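Chemist:
2 protein chains.
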Amino acid sequence: MRRATIRDVAERAGVSTATVSYVLNGTGSVSPETAQRVRDCVEQLGYRANSLAVAHRTGRSRTIGLALADLTNPFFPEFARGVHRAAAENGFSVFLMDAQGCPDHELEGLQMLTDRVPEGLIWVPVADDVLDSRPTPLPFPVVTFDCELPEFDSVNADVRRGGELQAELIAAQGHRRIGLISGPEWSETGRVRRAGLLETLPPDAHVVWEYSLDYSTNIPEPVRQDILAHEVDCVVTANDIQAIGLLQIYRDAGVSVPGDLSVIGFDDIDLAARISPSLTTVHLPVGQLGHAAFEVLLDRIKNPDLPRQRRLLDVSMTIRSSTQPRVSSEP
Amino acid sequence: MRRATIRDVAERAGVSTATVSYVLNGTGSVSPETAQRVRDCVEQLGYRANSLAVAHRTGRSRTIGLALADLTNPFFPEFARGVHRAAAENGFSVFLMDAQGCPDHELEGLQMLTDRVPEGLIWVPVADDVLDSRPTPLPFPVVTFDCELPEFDSVNADVRRGGELQAELIAAQGHRRIGLISGPEWSETGRVRRAGLLETLPPDAHVVWEYSLDYSTNIPEPVRQDILAHEVDCVVTANDIQAIGLLQIYRDAGVSVPGDLSVIGFDDIDLAARISPSLTTVHLPVGQLGHAAFEVLLDRIKNPDLPRQRRLLDVSMTIRSSTQPRVSSEP
DNA sequence: ATCGTAGGCTTAACCGTTTAACCCGGCAAG
DNA sequence: CTTGCCGGGTTAAACGGTTAAGCCTACGAT
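Line by line, the protein sequences give chains A and B.
Converting from the first sequence to the numbering used here requires adding 241 to each position, the first position being numbered 1.
Converting from the second sequence to the numbering used here requires adding 241 to each position, the first position being numbered 1.
#1: Using a Cβ-Cβ distance under 8 Å, would B/Val583 count as near chain A?
#2: By alpha-carbon positions, which one of A/Leu454, A/Asn459, A/Leu410 and A/Gly424 ends up nearest to A/Asp441?
#3: Can you round the beta-carbon distance between A/Val396 and A/Ala308 to whole angstroms, since I take them to be within the 8 Å contact cut?
#4: Locate the beta strand (DSSP E) running through B/Asn397, then write down its first and last residues.
#5: Which of the three DSSP states is assigned to B/Glu330 in this structure?
#6: Since I believe B/Leu312 is in contact with A/Ala321 (beta carbons under 8 Å), could you give me their beta-carbon distance rounded to a whole number of angstroms?
#7: Could you run through the segment 313-328 of chain A and flag, in chain order, every residue whose CB is less than 8 Å away from some CB of chain B?
#8: Give the residues from the segment 403-422 of chain B that approach chain A closer than 8 Å (Cβ to any Cβ), ordered along the chain.
#9: Of all the CB atoms in chain B, is at least one closer than 8 Å to the CB of A/Pro545?
#10: To which residues of the same chain is A/His471 closer than 6 Å at the C-beta, ignoring the five residues directly before and after it?
#11: Could you spell out where the beta strand (DSSP E) holding B/His297 opens and where it closes?
#12: A/Pro545 and A/Pro382 - do their beta-carbons sit closer together than 8 Å?
#13: Should the segment 524-533 of chain B be called in touch with the segment 347-362 of chain B, which here means at least 3 C-beta pairs below 8 Å?
#14: Can you give, in chain order, each stretch of the alpha helix (DSSP H) that sits fully within the segment 493-568 of chain B and has at least 4 residues?
#15: Count the other CB atoms, across all protein chains shown, that sit within 10 Å of the CB of B/Val256; report buried if there are 16 or more and exposed otherwise.
#16: Pick from B/Ser563, B/Phe333, B/Leu351 and B/Arg280: whose alpha carbon is nearest that of B/Asp339?
#17: Count the other C-beta atoms from every protein chain shown that fall within 10 angstroms of the C-beta of A/Gly500, then say buried if there are 16 or more, exposed otherwise.
#18: Quick check on B/Thr268: buried or exposed, where buried means 16 or more other Cβ atoms within 10 Å of its Cβ?
#19: Going by the CB atoms, is the gap between A/Tyr456 and A/Asn266 shorter than 8 Å?
#20: As a quick exercise: from A/Glu274, A/Val283, A/Val271 and A/Ser272, pick the residue whose alpha carbon is nearest that of A/Glu252.
#21: Taking a Cβ distance cut-off of 8 Å, strictly less, list which residues of the segment 346-363 of chain A are near chain B, in chain order.
#22: Which of the three DSSP states, helix, strand or coil, is assigned to A/Ser453?
#23: I want to verify the contact list: residues of chain A whose CB lies under 9 Å from the CB of B/Gln285, in sequence order.
#24: Is A/Ser557 near B/Asp356, with beta carbons less than 8 Å apart?
#25: Would the beta-carbon of A/Leu337 fall within 8 Å of that of B/Leu539?
#26: Return no unless some Cβ of chain A is closer than 8 Å to the Cβ of B/Cys520.
#27: Assign B/Ala479 to one of two classes, buried (16 or more other C-beta atoms within 10 Å of its C-beta) or exposed (fewer than that).
#28: Please confirm whether B/Leu502 and B/Val476 have their CB atoms less than 8 Å apart.
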């Protein structure tokens, strides 16, 4: 059954297609009677504008791209949901692109997105040293998340403050020997968070070991052995799923958390509260971040001449059961 | 910077747009020299076809919709990834739609998707009693997941076998008193899994309590109290995230899993292996399911007259540490 | 009575492709 | 020497909308 076109409606209502268009868009001037007649016919035929045609004609596709580094990281679906909701509220659809953690897929995916002529892009790069490898200049506004590129708007959580909060908790709980799992080398936000942490750490605390790992639950075997070989009071991770991988290692090794040591995560993904022990972690307003990313993007779509925007959202500390104050028995 | 159009290419190559189109699509007959010249110009201008225009003209949008019941259930991102990957392999993009667990959003979202003229839809309904509430007949092929509708193809895991596997493990481990968290009332797959379980349960096992709950970690307070009030050997859930919610309850109540009782999940989401205790669960090939859903959809797009397809993928049991054989001390 | 103008419509161009139909020159077959 | 056909192109009509421009008619102001 062919979809009704604007011409079908026009014919049935005995007017031109232009009139139908005017009625539906509230542009032009049409008499109330004619307008009603048109609306009736629309209803009867179940007519809906073919948004492909509209997009093509007007150049406005009411569509944005969402390019995610890795859909299997539980952070991103939550983020995607925020984006999606904000988009839906404003009549936008979202094209999903999952780079699967691989720069090649990312490049290809961005090409594909570009071909689809979106009005904008929310981009969480796989790695943020992308400036060179970027495909042909993206011909639409872009908002990045989790990294800042000179030419694009960005939305981010205040990760520096997040690092500080981690340090403050360490101070409050009296931990001295710190293990640190930081983010991958290329991650600017990772570096900022690390700086916030280290610069706020109390004088009597020191970092016993540090590893720079990817944002995944996977912890390489040599690192695992090293981690278990060195006693610490508290481990700070760059990311909740790293923390989850770490907890698993300690569990397998019979190390009690928080009995023997504390673990502090970062992100506060849904799961942080659900696992055992539940995770003390820096809370990021994930959904709001997605929402904000869309808002910033929409602002720029509406007004391309806006000054560069860098939105920073507040974070907070959520204390659960993976941390506890250091028992003062051992001095 | 305006994107180059086919006209720009044609002009530069000194041919008509038709010729350019023929070269790019490998249709029509063009001399090798002309073809090369055209290709050079394409390269120089960085021309890429506007897929909106192509879609509009040909009626083939190389786009499918993916309507998910709830993006925050970790099962679905994994599923989405499978879909996404299969789609990308075949040059398709995917429009994401998240119903956020709400039928109203679902309806709206399906409308929006429909307006976008996709070539097909992979649909995981919020509830499967949707037959009535469905919007105007969807004018493209549809493949459902997690439910079977008479007029659509479907892809599913063999959930009946999954239920049987749960029962077989119970038999093997000698559990007698069973707690059962089944899926929501409206879930056909939930009923099938339940049937597989109950019909395979050994004669000496009996269900002490049963609750029908949504697929979320959230377990209502009265249910929680009831669960804790009745001793069982093993609890079977319809879903890993239900199991995760359950584990949390037991942890808070000081009940040891698997020491005091065993817990069996369903789905084997990524996290099942990461939590503590790691979850024994029925493994669904999540990514493959997504992949298969796209394949079935593509088959039908290519050939609308195919007989109705109902693809069933195998499941298996993954034993981890949330279960252990019943200690035979108490007879 | 005349003019200007506003209201209510229609006409037609255009968005960027694809593709059916046509055209033209050259060569092989009859 | 025709005729037919084929290779290599071009022209122009769609696809389904939007929108600038134009065309009446009626009406109020001068």
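No residue lacks a Cβ here, since even glycine has one placed at the ideal position from N, Cα and C.
Keep in mind the model is a prediction, meaning the values are calculated, not measured.
Modeler: Walking through what the data contain:
#1: Here chain B has residues from 242 to 572 only, and residue 583 of chain B is not among them.
#2: Checking the sequence shown, residue 441 of chain A turns out to be Thr, not Asp. Measuring from the Cα of A/Thr441, the nearest candidate turns out to be A/Leu410.
#3: Under the criterion of beta carbons closer than 8 Å, A/Val396 and A/Ala308 do not qualify as touching, at roughly 14 Å.
#4: In the DSSP annotation of this structure, the continuous segment of the beta strand (DSSP E) that includes B/Asn397 starts and ends at Asp394 to Ala398.
#5: In the structure shown, B/Glu330 falls within a helical segment according to DSSP collapsed to helix, strand and coil.
#6: The pair is a contact, with the Cβ atoms about 6 Å apart (cut-off 8 Å).
#7: Listed by position along the chain: Thr313, Pro315, Phe317, Pro318, Glu319, Ala321, Arg322, His325 and Arg326.
#8: Here the close residues number zero.
#9: So, not an interface residue.
#10: Excluding positions up to five away in sequence, the list reads Val449 and Trp450.
#11: In the DSSP assignment, B/His297 falls outside any beta strand (DSSP E) and lies within the alpha helix (DSSP H) extending over Ser292 to Thr299.
#12: Yes, these two residues count as a Cβ contact at 8 Å.
#13: With a cut-off of 8 Å, the segment 347-362 of chain B and the segment 524-533 of chain B do not count as touching, because too few Cβ pairs lie within range.
#14: Counting whole runs of 4 or more residues, the segment 493-568 of chain B contains the alpha helix (DSSP H) stretches 527-543.
#15: Its Cβ being crowded by 16 or more others within 10 Å, B/Val256 is buried.
#16: Looking at the Cα atoms, B/Leu351 is the closest of the given residues.
#17: Taking all protein chains shown into account, A/Gly500 has fewer than 16 neighbouring C-beta atoms within 10 Å of its C-beta and is therefore exposed.
#18: So B/Thr268 ends up on the exposed side.
#19: In this structure, A/Tyr456 does not lie closer than 8 Å to A/Asn266 by Cβ.
#20: Comparing Cα-Cα distances from A/Glu252 to each of A/Glu274, A/Val283, A/Val271 and A/Ser272, the minimum goes to A/Val283.
#21: Legend: CB atoms of the segment 346-363 of chain A lying less than 8 Å from CB atoms of chain B belong to residues His346, Glu349, Gly350, Gln352, Met353, Leu354, Thr355, Asp356, Arg357 and Val358.
#22: DSSP places A/Ser453 in strand when its eight states are reduced to three.
#23: Neighbours of B/Gln285 on chain A: none; closest Cβ ~12 Å, over 9 Å.
#24: The answer is no: Cβ separation not under 8 Å.
#25: Their beta carbons are not under 8 Å apart, which means A/Leu337 does not touch B/Leu539 by this criterion.
#26: One point to set straight first is that residue 520 of chain B is Leu, not Cys, in the sequence displayed. No, B/Leu520 lies away from the interface with chain A (no Cβ there is under 8 Å from its Cβ).
#27: Taking all protein chains in view, the Cβ of B/Ala479 is crowded by 16 or more other Cβ atoms within 10 Å, so the residue is classified as buried.
#28: Taking 8 Å as the Cβ cut-off, B/Leu502 and B/Val476 qualify as a contacting pair.
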